[in-house]
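This report concerns only the one structure given below.
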Amino acid sequence: MMDLLAAGLLLVGGALILVAGIGILRMPDVFIRMHASTKVGTLGSGLIMAGAAVHFGAPTVIFKAVLIVLFLLLTAPIGAHMISRAALRIGVEPWGVDTADKDPASQITDQDKTGV
Amino acid sequence: MEALLAIAIGVLVTCSVYLMLARNVLRFIFGLVLISNAANLTIFTAGRLTLGSPPLIPEGAEAPAAEVANALPQALVLTAIVIGFGLFAFALVLVFRAYTSLGTLHTDDMRVAEPRETDKA
Amino acid sequence: MGADTGSTAGNGWVGILPTIASAAIFAWFLGFIPAVADGQTPGWILDWVPSLGISVAFLVDGLALTFALLISGIGTLVFLYANSYLAGHPQFARFALFLFSFMLAMLGLVLADDLIALFVFWELTTITSYLLIGFGHETEKGRRSALQALFVTGFGALAMLAGFILLGNAAGTFRISEIIPQAGAIVAHPHYLAILILVLLGALTKSAQFPFHFWLPNAMAAPTPVSAFLHSATMVKAGVYLMARLHPALSGTEVWIWTLTVLGAITAVLASLLAMRQTDLKQALAYTTLMALGTLTMFLGQDSAYAMTAFATFLVVHSLYKAALFLVVGCIDHETGTREVEILGGLARLMPVTALAAALAAASMAGLPPFIGYIGKELIYAGSIAAVPSSVLVTGAALAANALMVGVAGVVAIGPFWRRAGGTMPKTPHEAPWPMLAGPVILAVAGTAFGIFPALLQGTLIDPTAGVLIGDFDKVKELKLWAGVNLPLYLSLATFALGFLLYGFAGRVRAGLAAADRATPTADPIWDDFLKGLKGLAAWQTRAIQTGVLRQYMFVTFATVFVTLAVTMVVRDAGLALPAFDTAEPLGIALVALIMLGAGLAAITADRITAMAALGVSGIGVAMVFIVFSAPDVAITQLMVETLVVVLVAVALLRLPRLESARQDFRPWDALLAVGVGAVVTVILLAVVAVPLDRRLSDYFEATAWPEAFGRNIVNVILVDFRALDTFGEIAVVVIAALAAYALLRTTRADDTEDSK
Amino acid sequence: MNSVILRAGTRYLAGLLLVFSIYMLLRGHNEPGGGFIGGLIGATGFVLFAIACGTEDARRSLRVEPQAIAAVGLGIALLAGLAAALFGDDLFTGQWLFINATETEKGLPLSTVLVFDIGVYMVVLGSILTLVFAMEEEI
Amino acid sequence: MNTLAVNLLLAVLWSAFFGNFGLLVLGSGFVLAYLVMWLLQPLTGGPSPYFARVFYWIKLAILFLYELVVSSLQVLWDIVTPGYNARPAIIEVPLDVKSDAGILLVTNLISLTPGTLSLDVSEDRKTLSIHAMFADDPAAVCQTIKSGMEKWVIDAVEGRRA
Amino acid sequence: MTVLTMAVNAGFLLVFLAVALGFIRLVRGPTMPDRVVALDMMTVAIVSFCGLMAVRSEVQAFLDVALALALVGFLATVALARFAERRRSRGQEGDG
Amino acid sequence: MSWYLATPLALPFLTAVLAFLWRKRAAGRWISLLGNAFLLGAAGLLMVEVLREGVIAGQMGGWRAPFGITLVADYLGAVMVVITAITAFATALYAMGDIDEAKERLGYHALFNLLIAGVTGAFLTGDLFNLYVWFEVMLISSFGLLVLGGSRAQIDGGVKYVTLNLVSTILFLAGIGLLYGMTGTLNMADLALRVPQVENQGMVTVIAMLFMIAFGVKAAVFPLFFWLPAAYHTPAFSVSAVFAGLLTKVGVYALIRMFTLVFTGDTGFTHEILLWVAGFTMVTGVLGAAAQNEIRKILSFHIVSQIGYMILGLALYTPLGIVGAVFYLVHHIIVKANLFLIGGVVHRATGSTDLARIGGLYKAAPLLGVLFLIPAFSLAGFPPLSGFWAKYVIVAAALEDQGWVIAGVALAVGLLTIYSMTKIWAEAFWKKHPAGYEPELNRVSAAPRRWMLAPIAGLATLTMIIGLFPEPFVVFAETSAQQLLEPAGYITAVLGDAP
Ligand code: NA
Ligand code: NA
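Chains as they are written, first to last, in numbering that gives the first Met the number 0: chain A, 0 to 115; chain B, 0 to 120; chain C, 0 to 756; chain D, 0 to 138; chain E, 0 to 161; chain F, 0 to 95; chain G, 0 to 498.
Shown next as C-alpha cells:
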C-alpha cells in the first residue's frame, strides 16, 4: 500500500518535472519559462521527496525530505527573482506584454540580451 | 559500463584538449575544468563502478553488509576535485590578472617575458 | 698597462712573496736531481676518489723534473720581473694570485701520475690562463683572446678527458706508471685509435699545433710576464709534455708517427714563416714558440734515441732562450712604449744590459756555437736524419724552420739594438730596473754556460728525460759542441747561410709573407665565423622552439603525449581491449550522453555563458555518475565545486572580453590532435578496465574503518585517517591557491613599465 | 547587489548554510559529509552574503581575515597530526577519547581526527572566502 | 523575529539534524546557533519582540498549498496544450509588508504559486513588480495578491494591523 | 519488477527527458537569462534524481546530496544572473 | 623512527603557518629563517639515521603499508631532503636582504615555506598519489611565488608556466588512476611488486610513457621544457633561485624513482627513449642559452641543458650512470641556485641583468667575481669543482656503456656551457660598464649585502668542498645507485619482510 503511494508520488513528481522541462523548451519567453521551471519543477521535486519519505518511512528520511523541500521553496524563488530581474534590466521584452512605454532600457541591442 | 565511461572520458579529453589548444586563455580555462573532470572520472572508472551501494557501514554493523563501492578511488577523486578547484581558481585569477595587466586574452600577443625579435629595443 | 708604473719599488709583500716561494720550490726540485739522475722516481700518492679509482699520485722522473725545474725556475724570474713590470698596478694582487696558481697547476700537471689528476691540473691551467690572458679585459680584443684560448683548449681538454677515460678503462687503471708497462696491450686495444685521437686533440690544442695554432698569437694580449711564462716554458708545452708522457704507452704506431710528424712539421714551418712576417716583436716571438712546439711534436712522433735526446735538449734550450727573449721584449716595450720592429732602433747604447741578454739569447735561438742552441740544433738534425720513415720530411721541415729562426733571431736581437730607429718611440728609453733585467740575463747566461759545458745538462736533465722516453738512460745520446764533420754540421752551415740571407732581406721577406698571409685563409677569422655560426644556430633554434607563443608550446606538449603513447602502444604491442557494453546501465548511458553533450557544446560555443552553462551540464553529468555509482561524498563535493566555479567565473568574466566566434576559431589540426589524445586515453582505459581489479586496499579499509578507525563513512575515514597525509597536503593546496591568488590580485604593479627585472 | 529580495533571503539562508555546514562537518565520519563538504557549504553561505550585501559587510561579519582562518585551519590540522607525537605514535595517527563510554555504547567520541576535520573545514572556508572576496573586490 | 526565538529554533533544528533531542545535543546546538547569529549580527536589523503566531502560520501554510496545487494545474495545462493560453502582464503591486521576512515570504510565495512570478522589489521597498501569466485583468490580480497572500503573511509575520 | 521499481525507472526517464529538454533550451538560448533558467532547472532535476536514486538503491545517503544541492544550487543561478545584469550596468556593451 | 621522516615534512608547514600569521611584522621573516634552520637540523638528523639504517620507512597514521601512506627515505631521498634544506636555508637568508615588505605582507614567507614543504614531501613519500599531492603543493606555491610582484613579464611568464604545468599535473593524475586500475595499489614499493605481475605489459609501458611525459614536463626535458625559459627569469631572485635549484629536480627525482623502482620491465624501450630525450635536452638547452643575453635567461636554458645530463645518467641505467645522475642532481641544485642568487646581487649592483646594460663588476665587486666564478666554472664542469665530478661520472658511464655519441654530446654541451658562463663573466664582470646606461654601480648597502652574500659564499664553499673532497659524495651516490638498482631493500623497508 505504502509502496503504491510512493510509486504514485514518484510518478507524478517525475511527470511534473518533465512538464517543467517541456515548459522551459516551448514557452514563449524567459518569464513564462520560469513560471514553468520554478514552481512546477519545485512541486515535482517535492512530490518525489514525499515519495521517498513514504517509501522509507523513517523519521530521519522524512525530516530530510521536508528539509529538502523547504530549502527548495526558500531558494528557488530567489533564483527566479534574480533571473527575471536580470532579464528585465537587460531589456528582454516579455512576450505578449506591451512594454514599449515603460521599458527602462528599450535602446538595448539584441546582442546584449543574448549575451554572445 | 566502464567501457562506456571510457568513451565518455575520451570525448571529454578531446573537447578539453581542443579548448586548451585555443588562442584565448579563457578557453584554456574552460578546457581545464573539463579535463579535470576527465581525470577524476578516469580514477573513478579505473577503480571500477558499483551501482547504488555507497561505501558506508550501517549502524550496528562492523563492516559493510553487502558489497559496496570501492572507497579508495572515491577518496582519491574527492582529493583531486578539491586540488583541481584550487588550481583552477588560481588559473582563473591569473587569466583575469593577465587581461587587466597585459590587455589581452590572446596568448599570441602575450610576449612580454619572451619578446619578439622586433620588439626588442 | 704597466708602462708608466715600472720601478724597483714593486708591490710590497704581495710582489715579493711569490718570487720567494717560487725560488724555494725551484730549490726544492733541484734537490731531486741526484736521485732522479740515479734512476729513482720518488713519488707520493694521496687517495682522492678511490671509489672511482682516482688518486692524486705524484711521481718525479726525469721528464717531470725537467719540466718542474723549468716551470719553477723561470717562474721565479718572471715573478721577480713582474713585480717591477706591474709595480703599483691596482690589480697586481689578483695577477700574482692567478699567476702563482697557474704555476702550481703547471707543477701539478707535470708531476701527476694519475690521468684524472693530470686532467684536473690541466684544466686548472686552462682556467688560470684564461684569467691571465684576459688581464686586459676591458678591451674587446682581450676578452676575445681569453675566450678563444679557453674555448680551443677547453675543447681539446674535453676530448682528452674522454680519451683518458677510455685509456683508463682499457688499462684498468688511471695511474700512468701502471699504464706504461701495458703499452703493448693498449696499442692493440680496439679503442686505441679513439684514445689516441682524443688525447692528441687535447695535446695539440693546448700546444697550439696546426690547425689549432690560431689562438696562441692572440693570447699575446696578456702582459709580457704572462706571455713569457705561458708561452715559453709552461702552458703551451703542457701539450708537448702530455705527448711525451704518453709516448711510451701510445707511440710506435703508424697513426702516431704520421700524425705527430706531419702536424709538427707543418706547424714548425708555418709558424716560422708567420714569425718572419710579424713586425710586433712579441708576436714574432709567439710564432717562434709555435715553431718550437711543432719541432718538439715532430720529434715525439719518432722513436729513435737521437730524436728523444733532441726532444729533451731542445725542450730545455727553447725554454731558456724564449723566456729570456720574451722578457727582453717586455723590457723594450716597458721602456720605449712600443714593440714595433719598424720603429725601434739604437737601443744598445741606452739599454746595454738588455742588449747583451738579447744577444746571448738570440744567438742561442739562432743555434750559433757555442751556445746551447747550437747543440740543440745539431741534435735536431741528427734526430731528423734518423727519423723513420719520414726522414726527408722531418729534415726538410727542420732545415726550413731553423733557417727562419735565424732570421727571426736577427730581427729580435739585432734590429732594435743596433740599427737606427725607424721612428719616434713613445717614451725615452733607459735601462730597465734590475729585477726586470735579472731574468733575461740569468737565462741568457745559463744558455751560454750550458752550451759551453753541456755535461751540466747531460747527466742532470737530459739523460733522465730522454731516458724516460727511450726507456733506458744509457741509450741517450751525448750532448757535444763538436761532434765532428757530419751531415748535421753541413745542415747547420746551410741553416746559417739561409738564415743570414733571410735576415738581410728581412723587410722584403716580411712584405712578401704579409702579402701571402693576407691571401691565405687563416683559422683566426674562422673562429669568428664559428662563433657567429654558433650564435646563428642558437638563435635559429630558439626561434624555432622557444617561440614565445603558448599555443605552439601547448600543441607540442599534447602532440608529444599523443605520438608517444600511440607509438608505444603499437611498438610495444600493448594488448588492446574491445569495449564491453553488456553491463552498461541505462542510467549511465543517459549520463554519458549528457556529459559528452555538455563537453561538446563547451568546446564549440562562442558564447561565454553558454560555455559556462555547458561546463555546468557536463559537471552535473559527472556528479550524477558519482551518484549513480555510489559516491555521494564525491557527488556533493563535485556539485559544490561546480557551483563555486560558476560563481568565480561569473565574477571574473565581468571584466574579461567576449570570445571570438567559434567558426572564426575553428582549428582543424588542433581538432585532429585533440581527437587523437582523446582516443588514446580511451584505448588505455579500456585496456585497464578489461581485467579485474585487485581490491585488497579497499577490502582492508572496509574491514577496519569501524573497528579500528571508528568511522562508518569509509570514504571519510580514508580521507581523515588512512590517508590523512593526502588530505593535509590537499588542504595545503587549497590554502596556497587562495593565498597565491590573493597575492596575485593585490600585488602592486611596481614595475609594470620595466619588462624584465 | 541591491536586491531587496536577495538580501532578505540571504539573512536567513546564510545562517542556515552555516549551521548546515557544521552539521555536515560533524556527521562526516559516519555519513556523507566531512570537513571539505562542510567547508564548501559554509563558504557558500558567506559567498551568498558577499554577493547580496557586498564584501565589506561579509568581511565585517566574518570579523577575521579569511586568509587567517585558512592559515589557522592548516595549523590546526597539522597540530592534530602532530598530537600523535605526544602518545608516541606516527604522524597523523588518530587519538580517540570516548566520553560517557559504557559497555555497549562507545559514548561521544572526541578525537584528533575530528580536530583534523575541523582544520579542513576552516581551510576550505577560509580559502574560498579569500578567493571570492578578493575577486569580488576587483569588479 | 525575536533573536532568542531564532536561536532556539536553530538549536532545535540542530537536534533534528541529529535526530537526537538529548540535552547535550540541544545545548551544543544552542551555543552553536548563538555563535552563528552573533556572527551574522550585521544582517539583523535589531531585536523585534514578538510571540509566535502559530495560528496564522498554519493558516498561511494551508492556503499556500492550496494555491500552489490549484494554479499549478493552470500553468501545467497551458504547457501541455498546444498554443499559448497565457495573457501575461507585468503588474506593479504596492507593498504594505515591511520586514525582511515578510517581503521575502510574500515574494517567494508569489513566485511559488504558479501564474505569478516576483520580478523585483523597488529600492524603497514600496512596490513589487510581478509577472502574471493569466492577467486578463491586471487590477484584479493585484487585488488578489493584496488581499490574499500579502495579508496572510502580514498576519503571520508582522501582526495584524488595523 | 514491482510497481515501485517501475515508477522509479519511469521517474528516471521523465527526469532525464526534462534535463534533455533543458539542454536544448540551453543551446538555443536565445537570451542569457534563458540559458540560466535552463541550468537552474537542472538543479531541481538532480535533487529529484537523488530522491529517485535513494529509493532505487535503498540508501538514504543520496538524500544528503539532494539536501546539500537544494540549499546551495541556487547560488550558481544567483551568480550568473548577477553577471547578466552587472555586465550590462558596467557598460560592457555587446560583450557577454 | 617515523618522526625522522615526518619532522622535515611537518616543519615547513608549521613555519609557513606561523610566518603567515606574523606576515605583517618583521617577525615573519625571522620565523621563516629560524624554521629553515630547524629544517636543516631535521634533515641532518634524517640523513644520520639513513646513513645508519640504509632505508628507513614510517607509516603515517600508523596504518601499515600498503594501506596507509608510507614516508620513506633511502639515500637518494635523504640527500634530496638535505639539499632542499640547504637551499631553503640559503634562500631564506638571502630573502632577508632581497624580499621587500610588500611581498612579505602578501605572504612571501608562507608561500616559500609551503613550496619547501611540497618539495620535501615529494622526496619523502613512498606513495604515488601522495607524490601527486606534494607535486601540487609545490606547484601551486610556485605559481604564487612566480607572480608575486605582478610585473607584466611575471604575469606573461606565469600564464605559460601555469598552463603547461597544469597539463602535466593532469597527465600525472590520470596516470595514477590508470596504474591503480591495473594494479590496485598506490604504494610505490607495492607497485614495484605488482607491476611485473600485470599481464598486459605493453600497456604498462604505455602508462610508463605517460608518467615519463608528466614528469618530463616538470623536469623540463625536450620537447616539454618551454615553460621554464618562459618564466624563470621573471620573479624575485630568491624565488628564481629556489625554483632553479629545486623544482625541476623534483621532476628528475620522480623520473629516477619511477624508472628504477616501478617501470623497469621494459628498459630496452623506456630507457632508450630517455637516452634520446637526454641528448636533445642537453643540446637544445645549451643552444638556447647561447642565444640569450640576459643572465637569468642564460641560466634558465642551462637548467634545461643540465637536466639532460641527469636524464642521461638515468637512461644509461648502469650503476655508474645512476651515480652520475645522483651526483649531478646534488651538485646542480647547489650551483644553479647560487648562480641565480648571484644574479640578484648583480641586479642590485647594476640595476639590470641584461648583459648589454651592465659591466665593470670585476673591478667594482671583486669578491662577487670570485663568488660567481666558483659556481659558474663548476657548472661548466671545470675541476676541481663539483660539476667536474658530476660530468666526469656521467661521461665515464656513457663511455663504459659504449655510448660514444651521447658521451660526445655530453662533452660538447659542456664546452658550450663554458661559452655561456664566460659570456656572463666577460660581459658583466670584465667589460667596462657600458656608456649610455646609468652607471648604477651603487654598491649594495651593508645590511642586505651581508644577507645576500652569506648564502652565496656558503653555497660556493659547498661547491668547493664537493669538488675537492668528492670521495664521500661519490661513495654515497654509489650506495644510492645500488639501492636504486636493487630496490629489494627499499621494498622490504616499506612493506616489511612478508609483503
Ligand atoms: Na617545476
Ligand atoms: Na643547469
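Glycine is no exception: its CB is placed at the ideal position from the N, C-alpha and C atoms.
Predicted, not measured: the structure shown is a model, and the values here were computed from it.
Per DSSP, the bridge partner or partners of residue i
| i | result |
| --- | --- |
| residue 97 (chain D) | D:108 |
| residue 130 (chain E) | E:89, E:116 |
| residue 48 (chain C) | C:53 |
| residue 72 (chain G) | G:55 |
| residue 105 (chain B) | B:23 |
| residue 701 (chain C) | BP columns for residue 701 (chain C) are empty, so no partner. |
Presumed contact (8 Å Cβ cut-off) between residue i and residue j, rounded CB distance
| i | j | result |
| --- | --- | --- |
| residue 397 (chain C) | residue 380 (chain C) | 6 Å |
| residue 21 (chain B) | residue 664 (chain C) | 7 Å |
| residue 129 (chain E) | residue 108 (chain E) | Residue 129 (chain E) to residue 108 (chain E), Cβ: 11 Å. No contact. |
| residue 30 (chain F) | residue 29 (chain A) | 6 Å |
Reference residue i, options the options, closest by Cα
| i | options | result |
| --- | --- | --- |
| residue 35 (chain A) | E:100, E:12, E:112, E:13 | E:112 |
| residue 416 (chain G) | G:376, G:20, G:170 | G:376 |
| residue 74 (chain F) | D:126, D:61, D:41 | D:41 |
| residue 491 (chain G) | G:191, G:167, G:145 | G:191 |
| residue 252 (chain G) | G:286, G:464, G:153, G:328 | G:328 |
| residue 15 (chain F) | C:306, C:453, C:603, C:590 | C:590 |
| residue 314 (chain C) | C:335, C:329, C:291, C:305 | C:291 |
| residue 203 (chain C) | C:234, C:321, C:583 | C:234 |
Scan the region 140-160 of chain G for residues whose Cβ lies nearer than 8 Å to a Cβ of chain B and list them as they occur along the chain. Answer set for the region 140-160 of chain G: 142, 143, 146, 149, 151, 152, 153, 154, 155, 156, 157, 158, 159.
Are the region 5-14 of chain D and the region 30-44 of chain F touching by the rule of at least three beta carbon pairs closer than 8 Å?
No, the region 5-14 of chain D does not touch the region 30-44 of chain F.
Q) For the region 41-58 of chain A, which residues have a beta carbon sitting closer than 8 Å to at least one beta carbon of chain F? A) So the list reads 41, 43, 44, 47, 48, 50, 51, 54, 55, 57, given in the order they occur along the chain.
*asked:* If contact is defined by three or more beta carbon pairs under 8 Å, each pair taking one atom from either stretch, is the region 108-124 of chain G in contact with the region 477-497 of chain G?
replied: With the cut-off at 8 Å, the region 477-497 of chain G and the region 108-124 of chain G do not touch.
For the region 41-61 of chain G, enumerate the residues whose C-beta is nearer than 8 Å to any C-beta of chain D, in chain order. Result list: 57, 58, 59, 60, 61.
Exercise. Three or more C-beta pairs closer than 8 Å, one from the region 77-88 of chain D and one from the region 2-16 of chain G: is that the case here?
Worked result: Counting Cβ pairs under 8 Å, three or more are found: they touch.
Any C-beta of chain G within less than 8 Å: which residues of the region 101-114 of chain B qualify?
Only those residues of the region 101-114 of chain B whose C-beta falls short of 8 Å from the nearest C-beta of chain G are listed: 101, 106, 109, 110, 111, 112, 113.
| Are at least three pairs of beta-carbons, each pair with one atom in the region 409-429 of chain C and one in the region 521-533 of chain C, less than 8 Å apart? | Segments in contact, no.
In the region 39-53 of chain B, which residues sit with their C-beta less than 9 Å from some C-beta in chain C, listed in chain order?
-> Listed by position, the residues of the region 39-53 of chain B near chain C (Cβ gap below 9 Å) are 39, 40, 41, 43, 44, 45, 46, 47, 48, 49, 50, 51, 52, 53.
*Taking contact to mean at least 3 C-beta pairs separated by less than 8 Å, is the region 240-250 of chain G in contact with the region 172-180 of chain G?*
Contact between the region 240-250 of chain G and the region 172-180 of chain G is absent, because fewer than three Cβ pairs lie under 8 Å.
(request) Using a Cβ-Cβ cut-off of less than 9 Å, list which residues of the region 0-11 of chain D approach chain E; keep chain order. (result) The residues in question are 1, 2, 3, 4, 6, 7, 8, 9, 10, 11.
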